[in-house]
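Residue numbers (UniProt numbering), protein chains in the order written: chain D, 1 to 1066; chain L, 1 to 356.
Data block below; observations after.
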């Protein structure tokens, strides 16, 4: 069927801010789909509140609205832009829900807008628990015994008939929010209450627990002609019970025979056909490990995290094909982009093995429970490819950037055998390491399998790795042993460490002397059956190399940013991709190295060549040996890429842009102090330390409070404000849990207005697209602060100083390309907080709201172009006509036990934008985009530390005026009452009911303002419990007074008529 | 023990011996299925060939009952890596033991992707698997060049007629090397299936008055089956409905005056898209063939194409004009591979006047 002629303009809904369960994969899918639509001459109108994404670029869509994703906003955009069709299947669950609401309300029909890619009926039958169950029953496809309940009582009653344990799945939530396994009535009540509240339709599915079964997924495509194919299947190493997003996943399935494989494949095709999906769909199964019995767990009638993974694992671009199908094409009309000979109506055949490992945020949330359940907790993931499973697992481990490089990376030595046995029962992110330790101690496969239910095939593979560890420890390193160790991807560093007598350099030399080098194979969708045109490579050892060295053009190596984690989000992928495009435009051949399957940068048609590899010194060196690039670009890939600088230089790869020694000068305390002295720029006094004793000495010299932080980190990891010696001790202890190659910085903590700039320097001049100021005072990480552009509360004098300092610093550091500087403005003076001679997380946002293609200009500057030649006047650029506000978005509700109060260590997972003509409206839209939809019940709780009370009083007055009833704990209540606010005193948690907890759990509270007395969590304190319970019951909780003031401002100017800004026109 | 795979063009792969250490010369082909190595091994169509699995991890679920015949047929089995332990609730043994038991030579640890690329670029060729480290290529070369699969159908077909009882239509299944699932697919649909040895005269089959005749898959070059083709022509001339798969499809084509030729490297795997020209629908099929029917200048009075391969446009099925005969190049019986085209058995039953 050819393209439909009735589709000319399509609205695409993105997935909004990055949160746990909805990450960069939708930027990848959305970007690919938009490009696919534009390729067909379709006008694309995009709506996504997330400014850090590539899909919100004007190159990707014709109209770009970075607006809150609410039904009201979408309606107004539809009225303004008049698209003829709406494609809702690319924006994850968020996009699908919105599409469904628009369709259900009759609005789409009214406006003559067609829903394409799916129908409301399809969404309903796949997403609504009862409708889904009915559909499966009609098909004769088994599902676990279950019932949709709307009340806790019904849940208890049903569970009593099927028995514990049961799985609870709230309808219409993302990442399994609010779900879990209940083993008894108490747990059932707890999870069910929470789940009912989180569900958009107040429905929770209570279901027979099939934990321990094999979890298998199929990615399926179907066109309007009814042609169906499966793109691939995947097997979760972690059996049913762990959310697939938190599971280690392998593709294709490894332990299924053809009978099982085809049984489930046929089932998946029947389901997609019955649902009438036109596009992509994901079907999840639980397969009984000892029979052919299976259950359909769920169906996602849209692109998903799994489809992104499947696309990268196979080379089959699901989103691109789905977009073409939405336009009416059939699978056999869509060419295979990799082979360019065959068509999309085939099934990819892999001749390698793919392993995905989730990136969990427990390094950031040390108080959060590490237990993995049916509620997803991972912020991102890494993928690796190898021709054996062991190798793929090893490569994935070292891609995680979590200070892990082998199965020895978590130390269980101190545990007794009994303790270890108990530890095996704990399902958390360390489980494979724990299994490895058990195997080292001689535990049998049966024992481990009986406890973990992990298939013995995988246990054997872990055992093979453990055996190799032992051989490397005990045997002389012969060429044969080295070959075998490399075949299963032991890094040189681990080999050297285990050998004990050789250094990493010696191991590497031994490899080179014996020709043991990485070879590269191609991901070609067809197991080499057809000649492939797309250079998408992975490495293996002991095989023939197929990657061809190309020499005709100058070649740049672009180092990506690895897995999405807190502090290093999709922004850096945006920068990497734009840098790649910029170099390509300048005529360079581009080579990307990255390991994140969710991103645009690892789409095979972004760079000339893609290496899907870990970002470690050794792995990158192997690529360099083959590709011999003319230079590498590290300033766009965040800290991941920066960390590779030293080694790249050592192996003779020129770093394009700012030199490594200048990067060092910005990070190294003493060197940086020299620069500041030389440029005469003030900063907070401070010192460099290695031990707690030294830290206390410096702190006492400066006077508390002080800021303590490690150098060379991103996202303020390990950064804390210390108020006394005890806290110094504690923080230093935490920091030193991770080996520090670099010193720790202790600075006087200055509380002032925080200001941030990104600038481009061409070696002579600088270009500052704009100055941003933070709503929250210093002390809260810039990534967690509300950022306002243009800075509207600072004087011209301060602005001039900032421009001047930026220029001085850029020149003193010989910056070529990007620089990011954070300042404090206090008492008319400007201090430097930190300088990052690289791209930052604010670059995409500022690019979009100023219309200045920052990465493009920076790349050109790196290549020797001058700012003046690029059509810009050096210095600060004129301010835009709009106010743009970047609002951090958190995923605290997904992380049981995590401390939510903000501080110098970053905690947000994503961001959204509010853009408008006025500050107030921009602020309102930013809060709305972040999901703060107020007022509801007009009741709030205020409990603040003494220092915040005067300001809290002003805030309380404003909320009172907005009609809010204010509750407060004893001392806060008294203060507010004395100040004339009619505050009601409530009991503390430890006191009798009704107390503050009853209020929160009573679901009648809109907002809690709780400023913690300390910036870190003691789990037993009232404050911690109040904050956690607020988050877990869906109550907005604010932990900084400045944020509360901003929210009051936003609510005072609440509106329903929005200024809609097409940022593509800026 | 070391083993070597030596190709006709002089390429040598060094690996480890698996299964038997018997030296074999055979035609080297590759199969891209990711599951179903056991069905591949026991598919009689591989007789006279050594098969390389492109999926690198083989033997993960060991040996089960998923066999398409009583024994493995390839001369050689070529894999990247054999699983150290099999893991599956139905597992009855390991590939290694299975190969040894049936005296099948194998080699593991070679770069199967590199081998596949050679076969893809230069075409299917002959090769030798040996454990002799001191081989002399110049001595081996003439042997490799002289190798022909020959009359392998006679080797794989059953020796005696057998009957699978059923209450439905009576089907005569001509066993040219039939995979078990063909008979089972018919039997599951109620048919009484009588399996005949390949060389059974048409007269004998027709004398039993079957409701339909099924021509099975099988190994080798269809043109090596001269006497069988003559009998197939007689079946064509009868008015009994006929359904044919793979070699059966090629034999019917030859019997009716069409021609076949060898593909550069064949279609072997479970991901080949075939388009039903009647409905325009595309099905993913299981395939295993090195030869294909020529349809250039096909006389519509004899047959019209019914299926075509979406990838390379080769013929995948024919509908015979004025006859109750349709034949397909791919494998609706799957095993291994997608079950999408299983509906063709229903179509056959309908053709015989059945109710399915």
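Ideal Cβ placement from N, Cα and C applies to all residues, glycine included.
Beta-carbon gap between residue i and residue j smaller than 8 Å
i	j	result
residue 290/L	residue 29/L	yes
residue 1004/D	residue 939/D	yes
residue 273/L	residue 346/D	yes
residue 248/D	residue 181/D	no
residue 20/D	residue 376/D	yes
residue 590/D	residue 599/D	no
residue 731/D	residue 708/D	yes
residue 120/D	residue 110/D	no
residue 113/D	residue 84/D	yes
residue 543/D	residue 114/L	yes
residue 16/L	residue 93/L	no
residue 66/D	residue 848/D	yes
Chain L contact for residue i (CB, 8 Å cutoff)
i	result
residue 490/D	no
residue 464/D	yes
residue 1015/D	Low local confidence applies: a pLDDT of 47 at residue 1015/D is under 50, so the model's placement there is unreliable, and no value is given.
residue 252/D	yes
residue 345/D	yes
residue 352/D	yes
residue 605/D	no
residue 389/D	yes
Residues that residue i bridges to, as DSSP identifies them
i	result
residue 359/D	380/D
residue 276/L	307/L
residue 349/D	526/D
residue 744/D	689/D, 710/D
residue 116/D	DSSP, once it has assigned bridges, lists no residue as partnering residue 116/D.
residue 221/D	229/D, 280/D
residue 331/L	286/L
residue 912/D	887/D
residue 335/D	343/D
Beta carbon proximity, residue i to chain D, threshold 8 Å
i	result
residue 83/L	yes
residue 21/L	no
residue 314/L	no
residue 117/L	yes
residue 335/L	yes
residue 113/L	yes
Cβ separation of residue i and residue j, assumed to be a contact under 8 Å, to the nearest whole Å
i	j	result
residue 317/L	residue 310/L	No, residue 317/L and residue 310/L are not in contact; Cβ-Cβ is about 13 Å, not under 8 Å.
residue 1075/D	residue 47/D	Outside the shown range of chain D (1 to 1066) lies residue 1075/D, about which nothing can therefore be said.
Near the ligand SAM: residue i beta-carbon under 7 Å from a heavy atom
i	result
residue 444/D	Among the ligands in the structure shown, none appear at all, so the ligand SAM cannot be discussed.
Margin query: Pairs of beta-carbons, one from the segment 859-877 of chain D and one from the segment 988-1008 of chain D, closer than 8 Å: are there three or more?
Written below: Output reads no: the segment 988-1008 of chain D does not touch the segment 859-877 of chain D.
Next item on the list: Could you tell me whether the segment 898-906 of chain D touches the segment 961-974 of chain D, where touching means 3 or more Cβ pairs closer than 8 Å?
Entry: Flag = no, the segment 898-906 of chain D and the segment 961-974 of chain D do not touch.
Next item on the list: Specify whether the segment 437-444 of chain D and the segment 653-662 of chain D touch according to this definition: at least 3 beta carbon pairs, one from each stretch, less than 8 Å apart.
Entry: Contact fails: fewer than three Cβ-Cβ distances are below 8 Å.
Item checked: the segment 187-202 of chain L in contact with the segment 164-178 of chain L per 3-pair CB rule at 8 Å -> Cβ pair count under 8 Å is three or more, so yes.
Notebook entry, point to check: So does the segment 811-820 of chain D actually touch the segment 602-615 of chain D, counting three or more Cβ pairs closer than 8 Å?
Noted result: Using a C-beta cut-off of 8 Å, the segment 811-820 of chain D makes no contact with the segment 602-615 of chain D, since fewer than three inter-stretch Cβ pairs fall below that distance.
Next item on the list: Could you tell me whether the segment 330-340 of chain D touches the segment 261-272 of chain D, where touching means 3 or more Cβ pairs closer than 8 Å?
Entry: Counting C-beta pairs with one atom in each stretch, the segment 330-340 of chain D and the segment 261-272 of chain D have fewer than three that are closer than 8 Å, which means they do not touch.
Next item on the list: Would you check if there are 3 or more beta carbon pairs closer than 8 Å linking the segment 750-759 of chain D to the segment 820-830 of chain D?
Entry: Taking a cut-off of 8 Å on C-beta distances, the segment 750-759 of chain D touches the segment 820-830 of chain D, as three or more cross pairs fall below it.
Note to self: Would you call the segment 122-136 of chain D in contact with the segment 293-313 of chain D, where contact means no fewer than 3 C-beta pairs closer than 8 Å?
What the structure shows: Here the segment 122-136 of chain D makes contact with the segment 293-313 of chain D; the two share three or more CB pairs at distances below 8 Å.
Check: Are there three or more Cβ pairs, one per stretch, closer than 8 Å when the segment 147-160 of chain D is compared with the segment 358-377 of chain D?
Finding: The segment 147-160 of chain D makes no contact with the segment 358-377 of chain D, as fewer than three CB pairs between them are under 8 Å.
Margin query: For the structure I just gave you, are there three or more beta carbon pairs, one from the segment 410-419 of chain D and one from the segment 476-483 of chain D, closer than 8 Å?
Written below: The answer is no - the segment 476-483 of chain D does not touch the segment 410-419 of chain D, with fewer than three Cβ pairs under 8 Å.
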